[in-house]
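Reviewing the structure listed below.
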Amino acid sequence: GEDGSAGWLRYAPLPYASSYSSIPSSIIALNNTKSSPVYTAQQELHRGIQGILGKTLSNGTSTSKDGTIIVGTAHAYQKSYGDFDEAGDIEEDGYFLSIEGRQVLILGQNERGALYGAFDYLSRLAQGQLDTVSYVSNPHAPIRWTNEWDNLDGSIERGYAGPSIFFENGFVTENTTRVAEYARLLASIRINGIIVNNVNANATLLSARNIDGLGRLADAMRPYGVQLGISLNFASPQTFGGLSTFDPLDPTVDAWWANITNQIYARVPDMAGYLVKANSEGQPGPLTFNRTLAEGANMFARAAKPHGGIIMFRAFVYDNHINETNWKADRANAAVEFFRDLDGKFDDNVVVQIKYGPIDFQVREPASPLFSTLRNTSTAIELQVTQEYLGQQTHLVYLAPLWKEILEFDLKADNRSSKVKDIVSGERFRRPLGGSAGVVNNLYAYGLLAWDPSLDAEEILQDWIRLTFGHDPKVLETITDMSMKSWPTYENYTGNLGVQTLTDILYTHFGPNPATLDNNGWGQWTRADKFSIGMDRTVKNGTANAGQYPPAVANVYENIETTPDNLLLWFHHVIYTHQLKSGKTVIQHFYDSHYEGAATAQTLVKQWESLKSNIDSERYEHVLFRQTFQAGHALVWRDSINQFYHNLSEIEDQAKRVGNH
Ligand code: GCW
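With mature numbering (1 follows the signal peptide of the UniProt record, and there is no 0) applied, the sequence shown corresponds to residues -1, 1 to 660, in that order.
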């Protein structure tokens, strides 16, 4: 389809399609039950091959020398056709794909895996890759979920692409057509779970009418192997259930959660589990009753355990009323301080979900030290796909390079290789569960990295470009170049050297407003004054945050000489004329980067304009509008930030661009 909802699943005709001879002529699906992912895979193969190659395949029951695609579970295949070598290598949700001339095998460890294999095969066809291949693909981690921040009234917290497809007017939507379309996109990038409502959760989701609605959502997504989960409000037993308390150790509260959980599972037997934001930013939680966060999490774990449900418990817990006059106060310390002593105290079906950095989805943060603190607790990484602090879908910021930097970061716990990606997969500390949660909007690279974090950010991007915009080499080259420089460009004209994004943090999270970071309890401080800037997070003289990392990493951040320039102001408080490794002063780096970033933003418009005749006008105009906005806004960013620090420091720009001349 050419409609917008198809995203990268357009199945656009391949140039020279008729010259391909090695296309199979029939499909054998090893399960024909409607609503099974294998049946979905068969439908998808028909649709895809029709679109990409213009060929109509028949449904077969026996293999033919004209070529057959067999799709199903490995187990079902073995029953009818006997054993195959790779069978033992396929792990949960994984698949085996073999293309040999016109014979194609797509065999999943489970039905979901078979569907993933079918999407992989179609992605290859759509990119013109018909060569012989034979490989097993397995996920790096079992949990690959999205977190939707949709509210029951239909609005979306930090959503910039229209209203909710799940809720309206306080209830689950009746029409699930778009929900199924969305599940199709999720399955194609191997996402296996979705939390449908905001972590700032509304307890009325638990009404009988809404539980039935959740069943409707799960029914729409089940054919795609996408399991539904929900966010819970910790106070529900009291505010919604009418009990006098929501103390997690009160037996009536425990029984209330067990009961409501049973009701939900009666309607959604394969529900993935719960997500909980507790004692954070005004949300209720166990600390109110002097119970630990682990006691709170385990209450849900007990209720979900008999049903095989998982509890994702967020580590985003911090005090938002801290006092900047205390040099040692530091929001970045909060997660480790709250969770350190709870390691090993969470039930086995609890996963602590950790934002990638210690503060909040900024343009540049180090990896959260909590990944290396929790050794006896399953963890997952939380990424933000929606561009809250990063331009809110009006600035081009391709995020895969940022995520890769965090996933590949080595925390060196016990002086052994401890990459974040191997911690959250459960591998490094031998945990049964783990994975990633993406607060979503813009998905493709997120799903593929959740499956395989070793993939290259540029290769993922280029697959997406070919699938979305076709095979024109100029389009491929131009969009690749624009996207790969987009994160550094945004960083250049917003907040440099690890000082955070410098956007307005009090209300909009959009546009320049460096003054809002300081002098309030939110703890996103820069400590900028007339002479100096940056958070001193050293152990010797500051908040001791650097000491939360394993020694090999802590030493790097503790010393100003070894701290990379791009995190200098995250870990150190320095004078504006402090010299960077580049030889420039901090303040001159600010001035220059802002000019450089804003200049690049102007060239993005020119680059996009060069594709006018290579892209359909609807998508061309849509993106041009955003690029033009970004270019103008980048100038506003440049001048506001430079003027702010020029006023504060009264240090001249060597190139005499900033200030009154
Ligand atoms: O980044 C902040 C956002 C809030 C969000 C919170 C969180 C859902 O500004 O909108 O609330 O983080 O992650 O809980």
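Think of the CB as a built atom: it goes at the ideal place given N, C-alpha and C, for glycine as much as any other residue.
message: Out of 598, 634, 588 and 606, which one is the CA nearest neighbour of residue 652?
response: 588
message: With distance defined between alpha-carbon atoms, name the residue in 232, 167, 92 and 71 nearest to residue 449.
response: 92
- prompt: At what residues does the alpha helix (DSSP H) containing residue 485 begin and finish?
  reply: 485 to 492
- prompt: Is any heavy atom of the ligand GCW found at a distance shorter than 7 Å from the C-beta of residue 384?
  reply: no
message: Quick check: what's the CA-CA separation for residue -1 versus residue 67?
response: Here residue -1 scores only 34 on pLDDT, less than 50, and its place in the model is too uncertain to base an answer on.
query: How is residue 502 classed by DSSP in three states: helix, strand or coil?
result: strand
- request: Take residue 267 as the anchor and find which of 493, 227, 43 and 13 has the nearest alpha-carbon.
  value: 227
Stretch-stretch touch, CB-based, cutoff 8 Å, three pairs: the segment 579 to 595 with the segment 555 to 571: yes
message: Out of 330, 272 and 456, which one is the CA nearest neighbour of residue 317?
response: 330
- prompt: Should residue 166 be counted as a contact of the ligand GCW given a C-beta to heavy atom distance under 7 Å?
  reply: no
Proximity of residue 39 and residue 223 at Cβ, strictly below 8 Å: yes
Length of the line joining the Cα atoms of residue 375 and residue 334: 16 Å
- request: With a threshold of 7 Å, establish whether the CB of residue 320 neighbours any heavy atom of the ligand GCW.
  value: no
task: Mind listing, in chain order, the continuous beta strand (DSSP E) runs of no fewer than 3 residues lying wholly within the segment 500 to 550?
output: none
- prompt: Can you find at least 3 beta carbon pairs, one from the segment 201 to 218 and one from the segment 166 to 182, that sit closer than 8 Å?
  reply: yes
- request: Return yes when at least one heavy atom of the ligand GCW lies under 7 Å from the C-beta of residue 148, else no.
  value: yes
message: Can you give me the C-alpha to C-alpha distance between residue 129 and residue 106, rounded to a whole angstrom?
response: 18 Å
message: Buried or exposed, going by whether 16 or more other CB atoms sit within 10 Å of the CB of residue 326?
response: exposed
- prompt: Taking DSSP as the reference, what is the three-state secondary structure of residue 556?
  reply: helix
Cβ-Cβ separation, residue 479 to residue 457 (assumed contact under 8 Å), whole Å: 7 Å
- request: Compute the beta-carbon to beta-carbon distance between residue 466 and residue 122, rounded to the nearest angstrom, for a pair I have assumed lies under 8 Å.
  value: 7 Å
message: Would residue 362 and residue 389 be called neighbours here (beta carbons separated by less than 8 Å)?
response: yes
Residue 116, DSSP secondary structure in three states: helix
query: Identify the residues that DSSP records as bridge partners of residue 99: which are they?
result: 102
task: Select from 385, 339, 302 and 369 the residue whose C-alpha is nearest the C-alpha of residue 347.
output: 302
- request: Could you have a look at residue 148 and say whether DSSP puts it in helix, strand or coil?
  value: coil
task: Check residue 321 in the structure and name its three-state DSSP category.
output: coil
message: I'd like the list of long-range same chain contacts for residue 595, defined as Cβ closer than 7 Å, with 5 residues on each side in sequence excluded.
response: 491
field: C-beta atoms of residue 551 and residue 411 nearer than 8 Å
entry: yes
Residue 197 Cβ short of 7 Å to the ligand GCW heavy atom set: yes
- prompt: Relative to the alpha-carbon of residue 252, which residue among 297, 341, 271 and 282 has its alpha-carbon at the smallest distance?
  reply: 297
- prompt: How many Å lie between residue 30 and residue 620 at the Cα?
  reply: 44 Å
task: May I have the straight-line CA-CA distance separating residue 145 from residue 654, to the nearest angstrom?
output: 46 Å
message: Going residue by residue through the segment 327 to 367, where are the continuous beta strand (DSSP E) segments of at least 3 residues, counting only ones entirely within it?
response: 349 to 354
query: Measuring from the CB of residue 367, is there a heavy atom of the ligand GCW at a distance below 7 Å?
result: no
Those residues which DSSP pairs with residue 434 across a bridge: 142 and 379
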